[in-house]
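In this note's numbering, the protein residues as written are 401 to 828. For glycine and all other residues, C-beta sits at the position ideal for the given N, C-alpha and C. Here the structure is a predicted model, which is why all the values come from computation and not from measurement. One structure is given below, encoded as structure tokens.
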Ligand code: SF4
């Protein structure tokens, strides 16, 4: 399990494969909107400010999701659209320009200002692209203004990150140089670990997108190999491909096996010798496999139902089935981006029920009928399901917790083992 070079190619596995039938559902959805992504994006890009152009509801969501920062100046805020703006009685554009200029005067530390669209700004058709253009003409190069949508009209909250990164792609400088570009917002500690692995493999230079400073944009061009670290950044990867970069298909770096597969895909594309890959990854994978084994007893054989929420569902189900021995009842995903998860689908066990989209009532009926040992779901569903005697795990925790890479593999397993552990203790 730990030495991926020993694994058969995906095509030879009795996996779910890309042709597996998918249950497509359309109905009520239970997910956060893209504004949520600001919580982790603002932590990563330390020179960026995210200004949501939205309602008081948007401001409340952001404030409660990100917590109140008392000791630090926050790097996000909401320009609240008032009744007069919404009724078209005030010039929202003029007001927005005034707010942005005042903010930037007060905050000289801001290098990139993201104007984030919301449901209300989209409903009144406030053109944030035009606003960004206007403000750039006035403020660039001291500050760059970028706009993206975080509205609830999108399918799920992780699309907020994809939209933000996608909006930055046209700004990346052109380069012919050979380089590896890792796409997806990662905790700094994870980025540092992965950098060390790439250096040990001789893969250099490596850039991370987004980086710690939004203003320090990586180059892109025909020599760029793109390795996605997050399965929900599909539009960004396709936009980079449109700039001449070459995406590398791979499973995601979750668990020992996933991390080895991810590094192996990069190594193959870069031309690293297989022996070198084995030398670097084998001890790391063995250590990670030993660490996750601590949680295997708790998880092996347990039945798992994954509701659609974060877009991480398919890679995580693969990890839980293959490395932790869980039995997959149903794996739901908000939308199935086959290009981004092809390598993951091939590794899922045969016969698993995959669902795309959501019809909440029907899906909950299936959860109740199956009575799984663990249900991974959004925040709003966890308490009601717990009240019905079902153990749950909030999927949003998985985007806030560092879970990528070898050193985080045990933490990832523990995220799922904990609710079962707690339930077992309560039952004693
Ligand atoms: S963007 Fe839309 S869904 Fe999100 S908080 Fe604002 S109004 Fe609600």
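Bridge partners - residue i, DSSP secondary structure assignment
i, result
"residue 754", "422, 731"
"residue 434", "Residue 434 is not bridged to any residue."
"residue 514", "450, 546"
Secondary structure of residue i, DSSP reduced to three states
i, result
"residue 749", "strand"
"residue 743", "helix"
"residue 540", "coil"
"residue 816", "helix"
"residue 898", "Since the first residue shown for the chain is 401 and the last is 828, residue 898 is missing from the structure and cannot be characterised."
"residue 793", "strand"
"residue 703", "strand"
"residue 490", "coil"
"residue 479", "strand"
"residue 712", "coil"
"residue 520", "helix"
"residue 464", "helix"
"residue 697", "helix"
"residue 428", "coil"
"residue 509", "coil"
"residue 404", "Bear in mind that the predicted position of residue 404 carries a pLDDT of just 37, short of 50, making it too unreliable to give a figure here."
"residue 414", "Its pLDDT being 42, under 50, residue 414 is placed unreliably in this model, and the value from its coordinates should be taken loosely. DSSP places residue 414 in coil when its eight states are reduced to three."
"residue 830", "Given a span of 401 to 828 for the chain in the structure shown, any question on residue 830 remains unanswerable."
"residue 530", "helix"
"residue 826", "helix"
"residue 821", "helix"
"residue 441", "helix"
"residue 485", "helix"
"residue 807", "helix"
"residue 721", "helix"
"residue 459", "helix"
"residue 736", "coil"
"residue 649", "coil"
Cβ shell of residue i (< 6 angstroms), same chain only, five flanking positions each side left out
i, result
"residue 608", "582, 591"
"residue 794", "779, 782"
"residue 560", "434, 437, 550"
"residue 712", "798"
"residue 737", "634"
"residue 485", "492"
"residue 811", "none"
"residue 709", "431, 778, 795"
"residue 824", "none"
Contact under 8 angstroms by Cβ, residue i with residue j
i, j, result
"residue 454", "residue 521", "yes"
"residue 662", "residue 653", "yes"
"residue 625", "residue 580", "yes"
"residue 516", "residue 432", "no"
"residue 611", "residue 578", "no"
"residue 513", "residue 545", "yes"
"residue 633", "residue 584", "yes"
"residue 598", "residue 567", "no"
"residue 587", "residue 802", "yes"
"residue 533", "residue 698", "no"
"residue 758", "residue 732", "yes"
"residue 813", "residue 695", "yes"
"residue 773", "residue 818", "no"
"residue 539", "residue 504", "yes"
"residue 638", "residue 572", "no"
"residue 423", "residue 754", "yes"
"residue 776", "residue 707", "yes"
"residue 809", "residue 688", "yes"
"residue 604", "residue 509", "no"
"residue 683", "residue 556", "no"
"residue 741", "residue 714", "yes"
"residue 701", "residue 727", "yes"
"residue 614", "residue 751", "no"
"residue 766", "residue 723", "no"
Same chain, Cβ closer than 7 angstroms to residue i, five either side skipped, listed in chain order
i, result
"residue 807", "593"
"residue 413", "Any reading at residue 413 must be qualified, since the residue scores a pLDDT of 39, below 50, and its modelled position is unreliable; no value is offered."
"residue 789", "none"
"residue 650", "627, 661, 662, 665, 743"
"residue 535", "497, 500, 545"
"residue 636", "562, 565, 566, 569, 583"
Residues of its chain near residue i, where Cβ-Cβ distance is below 8 angstroms and the 5 sequence neighbours each way are ignored
i, result
"residue 827", "none"
"residue 575", "619, 620, 621, 623, 624"
"residue 676", "601, 602, 667"
Check: residue i C-beta below 7 angstroms from any heavy atom of the ligand FMN
i, result
"residue 500", "This structure lacks the ligand FMN; the ligands present are the ligand SF4."
**OP:** Give, in chain order, every unbroken run of the alpha helix (DSSP H) that is at least 4 residues long and sits entirely within the stretch 601–647.
**Re:** 634–642
**OP:** Could I get the ranges of all uninterrupted alpha helix (DSSP H) runs contained in the stretch 543–613, with 4 residues as the minimum, in chain order?
**Re:** Annotation note: the stretch 543–613 contains the following uninterrupted alpha helix (DSSP H) runs of length 4 or greater, listed N- to C-terminal: 559–568, 588–601.
**OP:** Go through the stretch 653–690 residue by residue and report every complete run of the alpha helix (DSSP H) that reaches 4 residues or more, in order.
**Re:** 655–670
**OP:** Note down, one range per segment and in chain order, each beta strand (DSSP E) of at least 3 residues found wholly within the stretch 754–787.
**Re:** 774–777
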